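Notes follow the structure.
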Amino acid sequence: MVQKRVLITDVDNTLLDWQDLWYQTFSAMIAKVIEISGVDPEMLYAQCSVIHQKYGTSEYSRLLGELPCLRELYGSNVLAVMAPAIDAFREARRRALQLYPTVEDTLKILKTSGVPIVAFTESKAFYTNYRFRKLGLDGLVDYLYSPEDHSMPEDTSDTRYYEPESYTFKHTIHRYTPEGELKPNPDILLQIISDLSVSIDEVVYVGDNILKDVLMAQQAGVADVHARYGASQHKPEYELLRKVTHWTPEMVERERNALKLGEVVPTHVLDKNFAQILKLFEAP
């Protein structure tokens, strides 16, 4: 058995509870939007989904300014009127943004042992970058692979608040995955391994999603680890996410087709916490 020397990890629901973070922030914001505007919730959710699909993310930061129901009510004053909703979002984010237990300590142990740490996520660059910096992952993770940012409307006036250097990593090297390519795509994983100039046999890949993470790793011939503690699709919060999701019917169908390959059984399972992965890096 070849000694495992490299860790490639998913981010959302593997290193942090993204679904809870999203739910806490989005629900706080939307509750305030409904309180202020009185708009019908179901109509609001439907319009959110259309915009999220347009930009390919359920985290689109300029959502409120583009919602037709709010633009109809407030015109160009949407963001001013909805300032309390934006504040509610930010306050919820301050409370909810945190790593899962044992993640930071485990990454530090691996880092000290000389294990290269790579993160591979489907979340857009800007949002992932923010979380990395706030969670202290800049430098703890050696490389981050993510999609580039979505396009922004040309008439957007509420641009980012700080200088560009405030949004860049000081240590972690940020690389972008091919446009339009999503998990489970073993070719991307294999390209990451090629970039690192390491052997497939030396790599461990961990993620929470059986299809997107475990199946992808297995198809690439990489040691797969299921972060079962982070599996989140059955939480109540998932129902709200489904109402406003950026997933298109085509994306859902592609996932269904992939699952037709048969039941996916993970080789290794982390059922308690992230620290359980350390045993895979022990000398054989």
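Basically the working numbering = 1-based index in the sequence shown + 72. We treat Cβ as the ideally placed atom computed from N, Cα and C, and that holds for glycine. This one's a predicted model, so the numbers in the text were calculated from it and none came from an experiment.
Quick check: residue i and residue j, are their CB atoms within less than 8 Å of each other?
i	j	result
residue 218	residue 244	no
residue 353	residue 182	yes
residue 200	residue 83	yes
residue 311	residue 76	no
residue 136	residue 115	no
residue 313	residue 91	yes
residue 96	residue 164	yes
residue 392	residue 211	Lying outside 73 to 356, the shown extent of the chain, residue 392 is not represented and no answer is given.
residue 125	residue 139	no
residue 282	residue 336	yes
residue 86	residue 295	no
Please work out which residues of its chain come closer than 6 Å, Cβ to Cβ, to residue i, disregarding the five sequence neighbours upstream and downstream, and give them in chain order.
i	result
residue 270	78
residue 220	197, 248
residue 224	Confidence at residue 224 is low in this model, with a pLDDT of 49, below 50, so its placement is unreliable and the value that follows should be read with caution. None.
residue 213	189, 191, 244
Within a Cβ cutoff of 7 Å, which residues of the same chain sit near residue i, ignoring the five residues on either side of it in sequence?
i	result
residue 228	Low local confidence applies: a pLDDT of 44 at residue 228 is under 50, so the model's placement there is unreliable, with the coordinate-based value given in what follows. The answer, listed in chain order, is 134.
residue 262	292
residue 288	255, 256, 257, 258, 261
residue 230	Since pLDDT at residue 230 reaches only 44, below the 50 mark, its modelled position is unreliable, and no value is offered.
residue 141	111, 115, 116, 119
Starting from residue i, trace the beta strand (DSSP E) in both directions and tell me its first and last residue.
i	result
residue 296	295–299
residue 191	189–192
Let's see if you can read the secondary structure: which residues bound the alpha helix (DSSP H) around residue i?
i	result
residue 205	197–207
residue 81	First-last for residue 81: 78–81, but that is the beta strand (DSSP E), not the alpha helix (DSSP H).
residue 121	113–127
By Cβ distance below 8 Å, which residues in the same chain neighbour residue i in space, the five residues on each side in sequence not counted?
i	result
residue 110	none
residue 250	260
residue 88	169, 170, 171, 172, 175, 203, 207
residue 148	none
Since residue i and residue j should fall inside the 8 Å C-beta cutoff, what is the C-beta to C-beta distance between them, to a whole number of angstroms?
i	j	result
residue 316	residue 117	5 Å
residue 343	residue 301	6 Å
- [ ] Ignoring anything shorter than 3 residues or poking outside the segment 254–295, list the beta strand (DSSP E) runs there in chain order.
- [x] For secondary structure counted as the beta strand (DSSP E) over 3 or more consecutive residues, the segment 254–295 holds these complete runs in sequence order: 275–279.
Task: Ordered list of alpha helix (DSSP H) runs contained in the segment 152–181, each at least 4 residues - done: Entirely contained in the segment 152–181, the alpha helix (DSSP H) runs reaching 4 residues are, in chain order, 155–168.
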